[in-house]
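Worksheet: one structure, shown below.
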Amino acid sequence: MSHNTAEKLVKMANQIGAFFAAQRHSDAVAGTAEHLKKFWDPRMRAGIIAHVEHGGEGLDTVPLQAVQKLAGK
2 MSHNTAEKLV KMANQIGAFF AAQRHSDAVA GTAEHLKKFW DPRMRAGIIA HVEHGGEGLD
62 TVPLQAVQKL AGK
């Protein structure tokens with residue numbers, strides 16, 4: 002995955018996480034994970050999971066934990 006693609010996925014994931022951030026932390030993580038599962042193309046999910054496996058640079062806490070949840074970690 003190119004650096005530019007990773008940046009776009011990180012930006013989008015952070016925006017989704019920010020939307021859910023007003024909820025209790027565990028609900029925000031679950032809501033973000035559910036959104037990524039339902040609305041992101043499988044290639045996008047694979048890309049953000051790969052980004053997290055390489056450190057997850059730039060991801061806020063809620064989307065980082067949501068992606069880890071999607072990845073089964």
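In terms of the working numbering, the sequence shown opens at residue 2 and continues consecutively. All C-beta atoms in this analysis are idealised placements derived from N, C-alpha and C, irrespective of residue type, glycine included.
Spatial neighbours of Leu65 in its chain, beta-carbon cut-off 7 Å, leaving aside the 5 residues before and after: In the sequence shown, the residue the question calls residue 65 occupies position 64. Answer for Leu65: Val53 and Gly57, listed in chain order.
DSSP state of Arg25, grouped into three classes? Here residue 25 refers to the residue found at position 24 when the sequence shown is read from its first residue. Three-state DSSP puts Arg25 in coil, outside helix and strand.
Looking at the unbroken alpha helix (DSSP H) that takes in Glu65, where does it start and where does it end? If you number the sequence shown from 1, residue 65 lands on position 64. Checking the sequence shown, residue 65 turns out to be Leu, not Glu. Per DSSP, Leu65 belongs to the alpha helix (DSSP H) from Thr62 to Leu71.
Spatial neighbours of Asp61 in its chain, beta-carbon cut-off 6 Å, leaving aside the 5 residues before and after: Indexing the sequence shown from 1 puts residue 61 at position 60. Answer for Asp61: Asn15 and Gly18, listed in chain order.
Only counting the same chain, and skipping five residues up and downstream in sequence, which positions put a Cβ closer than 6 Å to that of Phe21? Residue mapping note: residue 21 aligns to position 20 of the sequence shown, counting from 1. Closer than 6 Å at the Cβ level, and outside the excluded window around Phe21, lie Ala29, Gly32 and Thr33.
Who are the near neighbours of Ile50 in its chain, counting only those whose CB is closer than 8 Å to its CB and skipping five residues on each side? Counting from one through the sequence shown, the residue named residue 50 turns up at place 49. Cβ within range, chain order: Val68, Leu71 and Ala72.
Three-state secondary structure (DSSP) of Gly48: For this step, residue 48 is matched to residue 47 along the sequence shown. Look at Gly48 here: in three-state DSSP terms it is helix.
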